[in-house]
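Q:
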Amino acid sequence: MDQIPVFFGLFAGGAGLAAWNLNRQQRKITSHLIDGRRIKVVCVLKDPQAPRWTRGHFVIESGAWSWEPRPRQENPLMLPPDLEVARVRELGLKESTRLNHRFLVMECTSAQGEVHVAALHGHAEHVIMALSRP
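Numbering (the working numbering), first residue to last: 1229 to 1362.
Written as structure tokens, this is what we have:
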């Protein structure tokens, strides 16, 4: 009977530590973005006709963005420069088996066709803001 408060205390402490760490990371990325420093957001890309997601970093610098695929990738998908976010949605049933359940999918359009970009909930708004800049 004495173990229940100990387990509850450990669980509450772990949850608090995880929340503090996520909040700290989000504040750090936001402050770097406000200061105009370069930030890298972990994202995955998918061409709707392609079978796999391509992992890499969405890099946001002062007034510009770029895509850096992982170094050892074969035939990495590159982002077109005229990309615009058309719709933001949660992961579908099929996608949730391959990706982190906390990802948001941004369906983007360009002159070259449609591309899906997925990022974590806390980082997706930075990607959306970078893509919506003129």
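For glycine and all other residues, C-beta sits at the position ideal for the given N, C-alpha and C.
So what does Met1334 bridge to, in DSSP terms?
A: As a position in the sequence shown, residue 1334 is number 106, starting the count at 1. For Met1334, which the question treats as bridged, DSSP gives the partners Val1316 and Val1345.
Q: Check whether the Cβ atoms of Asp1327 and Leu1319 lie closer than 8 angstroms to each other.
A: For the purposes of this step, residue 1327 is identified with residue 99 of the sequence shown, where counting begins at 1. For the purposes of this step, residue 1319 is identified with residue 91 of the sequence shown, where counting begins at 1. The sequence shown places Leu at residue 1327, not Asp. Closer than 8 angstroms, so yes.
Q: Which complete beta strand (DSSP E) runs does the stretch 1229–1307 hold, if anything under 3 residues is left out?
A: 1267–1274, 1282–1289 and 1292–1297
Q: Among residues of its own chain, excluding the 5 on either side of Arg1283, which ones have a beta-carbon nearer than 6 angstroms to its beta-carbon?
A: Here residue 1283 is taken as the residue at index 55 of the sequence shown, counted from 1. Closer than 6 angstroms at the Cβ level, and outside the excluded window around Arg1283, lie Val1272 and Arg1298.
Q: Using the Cα positions of Ser1294 and Gly1242, report the straight-line distance between them to the nearest angstrom.
A: By one-based count along the sequence shown, residue 1294 stands at place 66. By one-based count along the sequence shown, residue 1242 stands at place 14. In a straight line, the C-alpha of Ser1294 is about 36 angstroms away from that of Gly1242.
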